[in-house]
Every structure is written in C-alpha cells, then in structure tokens.
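Asks: First residue of the sequence shown? That's 782 in my numbering, and the numbers climb one at a time after it. Backbone N, C-alpha and C define an ideal beta-carbon position, used for all residues, glycine too. The structure displayed is predicted, hence computed values, not measured ones. My structure is below; once you've seen it, I'll send some questions.
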Amino acid sequence: MVLDPEILEVIYTNEGEDLLHLSQKNTVMLLFLRHFGCTFCRESLTDISKIRKEIEDLGIKIVAIHMAEEEVADEYFKNYNLANLTHISDPDVSLYDYFGLSKGRFFQLYGLKVWLRGLKAGILDGHGLKVSSELGSFQQMPGVFMLKDGQIITKFVHKSASDRPDYKDLVNKTVSKNPTPTTDKK
Numbered sequence: 782m783v784l785d786p787e788i789l790e791v792i793y794t795n796e797g798e799d800l801l802h803l804s805q806k807n808t809v810m811l812l813f814l815r816h817f818g819c820t821f822c823r824e825s826l827t828d829i830s831k832i833r834k835e836i837e838d839l840g841i842k843i844v845a846i847h848m849a850e851e852e853v854a855d856e857y858f859k860n861y862n863l864a865n866l867t868h869i870s871d872p873d874v875s876l877y878d879y880f881g882l883s884k885g886r887f888f889q890l891y892g893l894k895v896w897l898r899g900l901k902a903g904i905l906d907g908h909g910l911k912v913s914s915e916l917g918s919f920q921q922m923p924g925v926f927m928l929k930d931g932q933i934i935t936k937f938v939h940k941s942a943s944d945r946p947d948y949k950d951l952v953n954k955t956v957s958k959n960p961t962p963t964t965d966k967k
C-alpha cells in the first residue's frame, strides 16, 4: 500500500525528521501504542527493548507512535531501556486514523481473552497497569507497520488489545521483501 507522500512529509518525529524521508533512508518500524499505562503496551516495550539492537543492526529504524506529551514518552522509554527511541506524539490520533487503527469495540478491549492475557502479562509477567488520561486513549487499538520508501511493506493490526506481535517475524518478512543490497568485498 502506497501512502500519500504529502502527508508523510508533514509528520515529524521528536528528532525533527519527517516520515517520508526517514522511510527513504531506512526501513521504518512504526510501533503504534495504545497508552503507556496499558499492560500490553508495556509488554511490547519490553519485547522491543530485548531485540532493539538486532532490529537496528538490520538497518530498521524503530519509531513509536503514542498519544502522550513527548517528555512523558521519553520517561517511559527510558524506563524500558529504550532511551533515545525515535517517537511521534499524536494526541489527536490523526496518524492512528490515517493508518486505519480504530477505537476498539468492547470485546476487543475487555473480552475474556483480554482479561486472561492481562492477568498473565500484568501480574505474572510484571507489566502492571497505570490508569491516567495523560498517557493516551484506553479505547485506541494498536498496530505495527513496516514502511519503506513511503509504502507499507507488511503490518500487524491487532484484533484485540491483548494480541502480541511477533516483531522478529515482521522484521524477517520485511527483510525478505526488501533485501539490503550488499557490496562485494575483495
């Protein structure tokens, strides 16, 4: 899916770079979060933290999309060993809308599957929950999109808030569709 370059050119990261040019320089992993208090978003940040170097070593730029103030986001990223993670604050969720990420329906947010996974991720795995409107929308659904040259290469759109993306699989699918050119060393 090709995205509108005029829209991508006016979406800036916290580092001042627009998404179009960023996706022309690197493959970009857009990690859309629900809210920083969300158990599953905390789990996602932990997952990304564990494989960040591996992803970045493949030339993939991770960009988190969230609804909080930049300073709040910086603190959360730092707490998950993701200091200096590139991110975009989208409090009006226009970027979420543009990528087709909607508000969740009742069962997507509060169904039995969500509760059971929430107990495991929140209590057993220690990701907890923090309720605060400054952290983002409780109804927003998350997703992950891999971009290159202004187009979506592959994506993971959550069917429920508790879905857990396989980030390595997304990266592998992206790399297989867009292999990095190699140079011969003689």
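#1: Over what stretch of residues does the alpha helix (DSSP H) that includes His802 continue unbroken?
#2: Would the beta-carbon of Thr794 fall within 7 Å of that of Ile841?
#3: What do you get for Pro923, buried or exposed, if any count of 16 or more other CB atoms within 10 angstroms of its CB means buried?
#4: Can you look up Leu811 in the DSSP assignment and give me helix, strand or coil?
#5: For chain C, check one thing: does any of its Cβ atoms lie closer than 7 Å to the Cβ of Phe880?
#6: Report buried or exposed for Val791, applying the criterion of at least 16 other Cβ atoms within 10 angstroms of its Cβ.
#7: Can you have a look at Phe887 and say buried or exposed, based on whether 16 or more other CB atoms are within 10 angstroms of its CB?
#8: DSSP three-state label for Val938, please.
#9: Considering Ala845, what are the terminal residues of the beta strand (DSSP E) in which it resides?
#10: My understanding is that Lys1001 touches Thr935, with C-beta atoms under 8 Å, so please give their C-beta distance in whole angstroms.
#11: From the DSSP output, which residues share a beta bridge with Ile869?
#12: Could you give the DSSP three-state label for Ser913: helix, strand or coil?
Replies: Concretely, from the data shown:
#1: Against the sequence shown, residue 802 aligns to sequence position 21. 800-806 is the extent of the alpha helix (DSSP H) around His802.
#2: Position 13 of the sequence shown, counted from the first residue, corresponds to residue 794. Position 60 of the sequence shown, counted from the first residue, corresponds to residue 841. No, Cβ-Cβ distance for Thr794 and Ile841 is not below 7 Å.
#3: In the sequence shown, residue 923 corresponds to position 142, counting from 1. So Pro923 counts as buried.
#4: If you number the sequence shown from 1, residue 811 lands on position 30. Strand.
#5: Among the chains in the structure shown there is no chain C, since it carries only a single protein chain.
#6: Residue mapping note: residue 791 aligns to position 10 of the sequence shown, counting from 1. Exposed is the call here.
#7: In the sequence shown, residue 887 corresponds to position 106, counting from 1. With fewer than 16 Cβ atoms within 10 Å of its Cβ, Phe887 is classed as exposed.
#8: Taking the first residue of the sequence shown as 1, we reach residue 938 at position 157. DSSP places Val938 in strand when its eight states are reduced to three.
#9: Residue mapping note: residue 845 aligns to position 64 of the sequence shown, counting from 1. Here the beta strand (DSSP E) through Ala845 covers 841-847.
#10: One cannot answer for residue 1001 here, as it falls past the ends of the chain, which runs 782 to 967.
#11: Here residue 869 corresponds to residue number 88 of the sequence shown, with the count starting at 1. Its beta-bridge partners are Ile846.
#12: In the sequence shown, the residue the question calls residue 913 occupies position 132. Unreliable positioning characterises Ser913 in this predicted model, as indicated by a pLDDT of 46, which lies under 50. A coordinate reading is not provided.
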